[in-house]
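Undergrad: Protein chains in written order, with the working numbering: chain E, 1 to 136; chain C, 1001 to 1146.
Structure incoming, see below.
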């Protein structure tokens, strides 16, 4: 089994707000992130796939295919977007880094045929990242 | 707010912190010669320092109301009070946990793991990882993974 990781970057804005909470609760729990006008980050995405090395190609996965799937399924939908308003998954969930990692996994997993998705890592800043391994 | 399948999905969250401290690697169980042979430059009696970069990894189900494994404000507050204020700009050899243990980054990893494990209960502690320099890093995930 060999693991291969492909990186990508995207920039997006978001804010944290739960309509079930009172304004005070939203402010207390989410702090500055609750500003309804949004704020942004330069996100770094790392997608790790795993698999056996194909004896003919020497590849775990064709990187071109992986790159294309990441661009089509993730970057086109998230890059330079206001996540709360433009990405359907975040109409009903809060675009935290945790939920971003889950959403990206859910977008990629069904589209990756050649290799098995192992981990989605999302850096919100260099000092904060979330790993999702598809665990329920 | 959120009624979806991701309700109980488990994620790992990692936060990076930095502190600066000095130390000297020296074991009372070795002769002066053995200490020099074992620790080399790190045995300099005057000590030396590092900018330590600490990664704290916690895990847990992503809360469907907040979208969070745990609130970063709580994790940051705990680490600031119990780790950074304890170690930043200190001489590690003078701290209680290093009276008997040599303040290697291995032992520092274990000490920080124990502090977080004992005091922070908002999420499950997975791992402490410390970069002593850009070239050296150390990880500790508790006794079972030793």
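The C-beta atom is built at its ideal place from N, Cα and C for all residues, glycine as well.
Kindly indicate which residue of 1078(C), 1120(C), 1023(C), 1094(C) has the alpha-carbon position closest to the one of residue 1041(C).
TA: When each option's Cα is compared against that of residue 1041(C), the closest is 1023(C).
Undergrad: What distance in whole Å lies between the Cβ atoms of residue 1115(C) and residue 1082(C), which are believed to be in contact at a cut-off of 8 Å?
TA: Confirmed, Cβ separation roughly 5 Å.
Undergrad: When Cβ atoms are compared, which residues of the region 1064 to 1078 of chain C fall closer than 9 Å to chain E?
TA: So the list reads 1064, 1065, 1066, 1067, 1068, 1069, 1071, 1072, 1073, given in the order they occur along the chain.
Undergrad: Taking only beta-carbon atoms, is residue 1030(C) less than 7 Å away from chain E?
TA: By this cut-off, residue 1030(C) is not an interface position.
Undergrad: Does the region 41 to 48 of chain E touch the region 8 to 15 of chain E, meaning 3 or more C-beta pairs lie closer than 8 Å?
TA: Touching, per the Cβ criterion.
Undergrad: Using DSSP with H/G/I as helix, E/B as strand and the rest coil, what is residue 1128(C)?
TA: Strand, per DSSP.
Undergrad: Is it buried or exposed, residue 1146(C), if we count other Cβ atoms within 10 angstroms and call 16 or more buried?
TA: Note that residue 1146(C) has pLDDT 45, beneath the 50 cutoff, so the model's placement of it is unreliable and no number is given.
Undergrad: Pick out the complete beta strand (DSSP E) segments inside the region 1069 to 1144 of chain C, 3 residues or longer, and give them in chain order.
TA: 1124 to 1131, 1137 to 1140, all fully within the region 1069 to 1144 of chain C.
Undergrad: Mind checking who residue 95(E) pairs with in its DSSP beta bridge?
TA: Per DSSP, none; premise fails for residue 95(E).
Undergrad: Is the beta carbon of residue 1054(C) sitting closer than 7 Å to the one on residue 1130(C)?
TA: Result yes, Cβ atoms of residue 1054(C) and residue 1130(C) sit closer than 7 Å.
Undergrad: So what's residue 7(E) in DSSP terms, helix, strand or just coil?
TA: Residue state, collapsed to three classes: strand.
Undergrad: Which class does residue 82(E) belong to by DSSP, given the choice of helix, strand or coil?
TA: It is a strand residue.
Undergrad: Could you tell me whether the Cβ of residue 3(E) comes closer than 7 Å to any Cβ of chain C?
TA: It does not; no Cβ of chain C falls within 7 Å.
Undergrad: Quick one: does residue 82(E) have its CB under 7 Å from some CB of chain C?
TA: No, because no Cβ of chain C sits closer than 7 Å to the Cβ of residue 82(E).
Undergrad: Where residue 71(E) and residue 1103(C) are concerned, what is the direct C-alpha to C-alpha distance, given to the nearest angstrom?
TA: Spanning the two alpha carbons is a distance of roughly 46 Å.
Undergrad: How big is the Cα-Cα spacing for residue 40(E) and residue 14(E)?
TA: C-alpha separation (whole angstroms): 6 Å.
Undergrad: My output table needs one value for residue 121(E): the three-state DSSP class, helix, strand or coil.
TA: Here residue 121(E) sits in strand by DSSP.
Undergrad: Would residue 1025(C) count as contacting chain E if we go by Cβ distances under 7 Å?
TA: Answer no: the Cβ-Cβ gap between residue 1025(C) and chain E never drops below 7 Å.
Undergrad: Buried or exposed for residue 1118(C), going by 16 or more other Cβ atoms inside 10 Å?
TA: The residue is exposed, with fewer than 16 neighbouring Cβ atoms inside 10 Å.
Undergrad: Going by DSSP, what residues sit across from residue 1022(C) in a beta bridge?
TA: In DSSP, residue 1022(C) forms a bridge with 1049(C), 1091(C).
Undergrad: By how many angstroms is the C-alpha of residue 75(E) removed from the C-alpha of residue 1006(C)?
TA: Reliability fails at residue 1006(C), whose pLDDT of 46 lies under 50, so the model's placement of it is uncertain and the value that follows must be treated cautiously. Approximately 21 Å, taken between the alpha carbons.
Undergrad: Mind listing which residues of the region 74 to 101 of chain E have their C-beta closer than 8 Å to chain C's C-betas, in chain order?
TA: Answer in chain order: 92, 93, 94, 95, 96, 97, 98, 99, 101.
Undergrad: Please go through the same chain and pick out, in chain order, the residues whose beta-carbon is closer than 8 Å to the beta-carbon of residue 1089(C), but skip the five residues on each side of it.
TA: So the qualifying residues of the chain are 1019, 1020, 1021.
Undergrad: Using the DSSP secondary-structure output, state which residues sit across from residue 943(C) in a beta bridge.
TA: Since the first residue of chain C shown is 1001 and the last is 1146, residue 943(C) is not available in this structure.
Undergrad: Would residue 1006(C) pass as an interface residue toward chain E - the criterion being a Cβ-Cβ separation below 7 Å?
TA: Its pLDDT being 46, under 50, residue 1006(C) is placed unreliably in this model, and the value from its coordinates should be taken loosely. Yes, residue 1006(C) lies at the interface with chain E (some Cβ there is under 7 Å from its Cβ).
Undergrad: Excluding the five sequence neighbours on either side, which residues of its own chain have a C-beta within less than 8 Å of the C-beta of residue 17(E), listed in chain order?
TA: So the list reads 26, 30, 34, 36, 84, 94, once near-sequence residues are dropped.
Undergrad: Note the first and the last residue of the continuous beta strand (DSSP E) segment covering residue 46(E).
TA: Segment 39 to 51, the beta strand (DSSP E) holding residue 46(E).
Undergrad: Within the 7 Å Cβ cut-off, does residue 1146(C) reach chain E?
TA: Low confidence applies here, because residue 1146(C) scores a pLDDT of 45, under 50, leaving its location unreliable; read the following figure in that light. No, residue 1146(C) does not count as interfacial toward chain E.
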